[in-house]
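Since the structure comes first, as structure tokens, the remarks are kept for the end.
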């Protein structure tokens, strides 16, 4: 029973879709099932569709596919699971589609649950990468801060560096671009692999992040963080993290003050109460009929 995973892979959308699909793929392979990952880089799925057989299990993670695409995929495949970040209207997906959304408190944001679909909602279905799980010691001497906005938010990044460059911290910035003559206390990294990223996260005392997939890894590694939502699809996630007392949302206007308060904040007790990924294996077994 081949599993095919189709996900968005655009520089401007960050690599969040790819990362979470890689983790799902590795979970599926641990269950002894072969899976392949396909990047969706064009507005046309016909080439991918040609390779889909009627015993294939499909998983998609894409903002670019439209309703018609999902119907075409479901028609050819044995079963379809979609990974999404917000509820779509009834009928957007074909009947019997499995819907997975591992946003924190996702169920709260679904107002039209339908018997036509099967739902897997909440952080219990989040694919955990064990390399990010970390019991963080309290170290007030640590002067390292991580900045990661994903995608291509150069203008915002520039502003953040300007605000923080004289705060006595070393700034570790994940970005595909390194500016000319950056301040001495900044270090730029182009996208890192998961092992490098988790090591850098553990090395830093705190972080400023967009509200994408990195939030979950910051939570797993108990990194005190400020959230700066960049894309509209990140707002719900960002608010849930703030309402749960995990991370505070910030803005360019309040960043300087929020950052000073962040360095004082040490209690990460909430991290122990979130059962990240506890239901994922059961959901995948059910989907794959094993």
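In the numbering used here, the protein residues as written are 5 to 294.
Note that the Cβ used here is the ideal one computed from N, Cα and C, for glycine as well.
Kindly list the residues whose CB is nearer than 7 Å to the CB of residue 110, restricted to its own chain and excluding five residues on each side of it in sequence; keep chain order.
-> 125 and 126
Which residues share a DSSP beta bridge with residue 253?
-> 231
Give every residue of the same chain whose Cβ lies closer than 8 Å to the Cβ of residue 289, excluding the five residues on either side of it in the sequence, and list them in chain order.
-> 35
How should residue 220 be labelled, buried or exposed, when 16 other C-beta atoms within 10 angstroms of its C-beta is the threshold for buried?
-> buried
Check the Cβ-Cβ distances between residue 138 and every residue of chain D, and say whether any is below 8 Å.
-> Considering every chain present, this structure includes no chain D. It has just one protein chain.
Going by Cα to Cα distance, which pick from 79, 44, 51 and 83 is closest to residue 67?
-> 44
Given 8 Å as the limit, is there contact between the region 78 to 95 and the region 116 to 123, that is, 3 or more CB pairs closer than that?
-> yes
Hey, would you say residue 138 sits closer than 8 Å to residue 217, going by beta carbons?
-> no
DSSP puts residue 122 in a beta bridge; with which residues?
-> 102
Residue 5 burial status per 10 Å Cβ neighbour count (16 or more: buried) = exposed
Of all the options 176, 197, 180 and 198, which has the alpha carbon lying nearest to the alpha carbon of residue 188?
-> The residue with the shortest Cα to Cα distance from residue 188 is 176.
Residue 75 - DSSP class collapsed to helix/strand/coil = helix
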